[in-house]
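K.L.:
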Amino acid sequence: MPPIESSDIVLVQDDISRVPYLIYLSRKVLQKIQTNIIISLVLNALAATLAASGVLNAIVVALVHNAGSVFVVLNSLFLLSVKDTDRK
């Protein structure tokens with residue numbers, strides 16, 4: 127059985143000059159993931175705390191959770207605007 131191979135980056139074109147941009151983009155993606163995780167955890171913890179103290183009811187907490195999920199998706203969409211010329 128042949129060994130299974132994987133790669134971190136796959137070039138679908140013969141243009142190797144795009145590698146620095148791909149590294150830049152992957153760093154931006156990791157930053158966005160970390161930001162999204164922190165924001166969603168803080169938002170959910172705040173909503174759960176307010177629900178436990180009786181300020182919010184369960185329906186509002188569920189809506190806050192769903193709104194946080196929508197925010198994460200919309201925040202991630204900003205990655206589509208990252209261009210090769212954005213690098214410094």
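Just remember that my numbering sits 126 ahead of the position in the sequence shown, which is counted from 1. Glycine residues also receive a C-beta, built at the ideal position from the N, C-alpha and C atoms. This one's a predicted model, so the numbers in the text were calculated from it and none came from an experiment.
I need the straight-line Cα distance from Asn183 to Leu172, nearest angstrom please.
P.N.:
Counted from its first residue, the sequence shown places residue 183 at position 57. Counted from its first residue, the sequence shown places residue 172 at position 46. If I take the Cα positions, the gap works out to 13 Å.
K.L.:
Please state the DSSP three-state secondary structure of Gly194.
P.N.:
Taking the sequence shown and counting its residues from 1, one reaches residue 194 at position 68. Residue state, collapsed to three classes: helix.
K.L.:
By Cβ distance, which residues of its chain are closer than 6 Å to Tyr147, with the 5 residues on each side in sequence left out?
P.N.:
As a position in the sequence shown, residue 147 is number 21, starting the count at 1. So the qualifying residues of the chain are Asp210.
K.L.:
Would you say the segment 149-169 touches the segment 184-196, given that touching needs at least three Cβ pairs under 8 Å?
P.N.:
The segment 149-169 is in contact with the segment 184-196.
K.L.:
Inspect the beta-carbon positions of Val208 and Leu156 and report whether they are closer than 7 Å.
P.N.:
Translated into the one-based positions of the sequence shown, residue 208 becomes position 82. Translated into the one-based positions of the sequence shown, residue 156 becomes position 30. Result no, Cβ atoms of Val208 and Leu156 do not sit closer than 7 Å.
K.L.:
For Phe197 and Leu137, what's the separation of their Cα atoms in angstroms?
P.N.:
As a first step, residue 197 must be located in the sequence shown, where it is residue number 71. As a first step, residue 137 must be located in the sequence shown, where it is residue number 11. The straight-line gap from Cα to Cα measures roughly 31 Å.
K.L.:
How far does the alpha helix (DSSP H) with Arg153 in it reach, from first residue to last?
P.N.:
Position 27 of the sequence shown, counting from 1, holds the residue named residue 153. That run of the alpha helix (DSSP H) goes 145-178.
K.L.:
Val186 to Arg153, Cα distance in whole Å?
P.N.:
To locate residue 186, count along the sequence shown from 1; it is residue 60. To locate residue 153, count along the sequence shown from 1; it is residue 27. Cα to Cα, Val186 sits roughly 35 Å from Arg153.
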